[in-house]
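One structure is given below, encoded as structure tokens.
In the working numbering, the protein residues as written are 7 to 94.
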């Protein structure tokens with residue numbers, strides 16, 4: 007296989023994975039009302055001791071910038087999915 011062939015087939019694999027991910031995200035939203043972003047954060051929180059993580063740790067787990075995490079947490083908080091607590 008030439009390098010060009012490998013690049014083209016790799017691109018096709020990545021495109022297929024993205025389409026599957028989009029399809030799964032739409033099904034998740036339809037079936038549970040959760041977005042893929044909601045699920046990503048809730049999954050990490052469910053694995054954390056006592057279901058608690060500092061925002062910095064949660065952001066690192068999902069590799070998100072602070073701003074994106076803050077906005078997503080705010081949206082989830084309004085829907086009653088999470089609650090913020092002060093750190094001791």
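Quick reminder that beta carbons are idealized off the backbone N, C-alpha and C, glycines included.
Residue i: first and last residue of the uninterrupted alpha helix (DSSP H) it sits in
{"i": "residue 134", "result": "With the chain represented from 7 up to 94, any question about residue 134 goes unanswered, as that position is not in the structure."}
{"i": "residue 80", "result": "72 to 84"}
{"i": "residue 54", "result": "Premise fails: residue 54 is in no alpha helix (DSSP H) and is neither H nor E."}
Beta-carbon separation (whole angstroms), residue i vs residue j, contact threshold 8 Å
{"i": "residue 65", "j": "residue 75", "result": "4 Å"}
{"i": "residue 78", "j": "residue 54", "result": "Rounded, the Cβ-Cβ distance is 16 Å, inconsistent with contact."}
Rounded C-alpha distance that separates residue i from residue j
{"i": "residue 60", "j": "residue 93", "result": "8 Å"}
{"i": "residue 85", "j": "residue 69", "result": "23 Å"}
{"i": "residue 83", "j": "residue 25", "result": "29 Å"}
{"i": "residue 63", "j": "residue 47", "result": "11 Å"}
{"i": "residue 80", "j": "residue 91", "result": "13 Å"}
{"i": "residue 57", "j": "residue 73", "result": "22 Å"}
{"i": "residue 28", "j": "residue 39", "result": "15 Å"}
{"i": "residue 37", "j": "residue 45", "result": "12 Å"}
Cβ neighbours of residue i in the same chain (closer than 8 Å, five flanking residues each side left out)
{"i": "residue 41", "result": "31, 34, 35"}
{"i": "residue 71", "result": "65"}
{"i": "residue 88", "result": "47, 48, 51, 79, 82"}
{"i": "residue 67", "result": "50, 59"}
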